[in-house]
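S.K.: First residue of the sequence shown? That's -1 in the working numbering, and the numbers climb one at a time after it.
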Amino acid sequence: MEEKTFIILKPDCMEKKLLPVVMAKFLNAGLDIVACKMSQLDEKILAEHYAHIVDKPFYPPLVAYMTRKPVIMAILKGDNAVLRVRKLLGCTNSLEAPAGTIRGEYGVDTRENVVHASDSPENAKIEIARFFDKAEIFG
Ligand code: ADP
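Here it is in structure tokens:
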């Protein structure tokens, strides 16, 4: 089933200039970019995006990490896009992510894990609406 998912190329991804490597993995998997923009995230939008972990002890350093450099956000479209992109990422802890996955290859630890991707079709819809206007989506 064709669906859309939302991704963020996180500050470590930007610092290490991994955009071409990461985007190639998504495009080579047959996914299409239907929206893309650069943004400086702030505490307010992160408190919404990370509402499920805002009370965790690792939340303040997560905000420092996510705000330390502008990020690139995109919407990818394709068959089963949500699950397929999550599989390309690997699990949250980069040290446990399998070799060949984006986090397994390029992530540092549980926090600095290169790319965010929506974890369900429902959350993909919410995140797309949070970060993109309809006029910015081309497909
Ligand atoms: P995911 O991004 O894999 O969906 P979560 O939604 O659980 O994972 O967490 C959001 C982000 O918060 C993670 O990608 C990571 O950057 C950070 N994070 C999650 N758990 C931890 C942790 N135990 N310690 C430090 N940072 C964490």
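Even for Gly, the Cβ is constructed at its ideal location relative to N, Cα and C.
The structure presented is a predicted model; accordingly, all values stated were derived computationally and were not measured.
1) Ligand 1 and residue 34: does any heavy atom of the ligand fall closer than 8 Å to the residue's C-beta?
2) Identify, in the order they occur along the chain, each residue of the same chain with its Cβ nearer than 7 Å to the Cβ of residue 105, setting aside the five sequence neighbours on each side.
3) Check residue 124 in the structure and name its three-state DSSP category.
4) Between the Cα of residue 77 and the Cα atoms of 115, 102, 131, 28, which residue gives the shortest distance?
5) Classify residue 34 as helix, strand or coil using the three-state DSSP reduction.
6) Return the residue from the list 100, 103, 98, 72 that minimises the CA-CA distance to residue 131.
7) Please tell me whether, using a cut-off of 8 Å, the distance from the CB of residue 119 to the nearest non-hydrogen atom of ligand 1 is below it.
M.R.: Straight from the coordinates:
1) no
2) Excluding residues within five positions, the ones whose Cβ falls inside 7 Å are 92, 95, 111, 112.
3) helix
4) 28
5) strand
6) Comparing Cα-Cα distances from residue 131 to each of 100, 103, 98, 72, the minimum goes to 72.
7) no
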